[in-house]
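Following my numbering, the numbering of the sequence shown begins with 74 at its first residue and continues without gaps.
Just so it is clear, CB atoms sit at the ideal spot from N, CA and C, and this is done for glycine as well.
In what follows, a structure is listed as C-alpha cells, so that the remarks can point back to it.
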Amino acid sequence: FQSEESSYVTSFEASGHDPVYVGRLHQDLEDKNTWILWVVADNLRKGAALNGLQIAEKIFGFKN
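Here it is in C-alpha cells:
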C-alpha cells in the first residue's frame, strides 16, 4: 500500500487502516550506528483496543 507518487505511505494513506507502516529506511551517513526511518499509522485505529487484542492473540494464541 503506497502512493504512486511516493516511495512511502503517507499519514493520509494510512488513515483507516490497522497496520503500522515503515518506510524510507536508511543508515545515517554521519553515524553508521544510526538508522533513519519513516513510521506512520492511524493512531485512532492502532490504539489501546487493537493493541490489547493483538497482545491477547499473542498470549493466548487466538486468531480472528
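Looking at C-alpha atoms only, which residue of Val93, Lys131, Ser80 is the closest neighbour of Asn116? Position 43 of the sequence shown, counted from the start, is the residue given in the question as residue 116. The option with the nearest alpha carbon to Asn116 is Val93.
Classify Val112: buried if its beta carbon has 16 or more other beta carbons within 10 angstroms, exposed otherwise. Reading the sequence shown from its first residue, position 39 is the one you call residue 112. Under this definition Val112 is an exposed residue.
Relative to the alpha-carbon of His99, which residue among Glu86, Asn106, Gly89, Leu110 has its alpha-carbon at the smallest distance? Numbered from 1 along the sequence shown, position 26 holds the residue referred to as residue 99. Nearest C-alpha to His99: Leu110.
Limits of the beta strand (DSSP E) - the one that Leu110 falls within: Here residue 110 refers to the residue found at position 37 when the sequence shown is read from its first residue. Note, Leu110: beta strand (DSSP E), 108-113.
If I measure Cβ to Cβ from Thr107 and keep anything under 8 Å in the same chain, skipping five residues before and after, which residues do I get? For this step, residue 107 is matched to residue 34 along the sequence shown. Gln100, Asp101, listed in sequence order.
Please check the pair Lys131 and Asp91, which I expect to be a contact at CB under 8 Å, by giving their CB distance rounded to whole angstroms. For the purposes of this step, residue 131 is identified with residue 58 of the sequence shown, where counting begins at 1. For the purposes of this step, residue 91 is identified with residue 18 of the sequence shown, where counting begins at 1. Contact doesn't hold; Cβ gap of about 15 Å is too wide.
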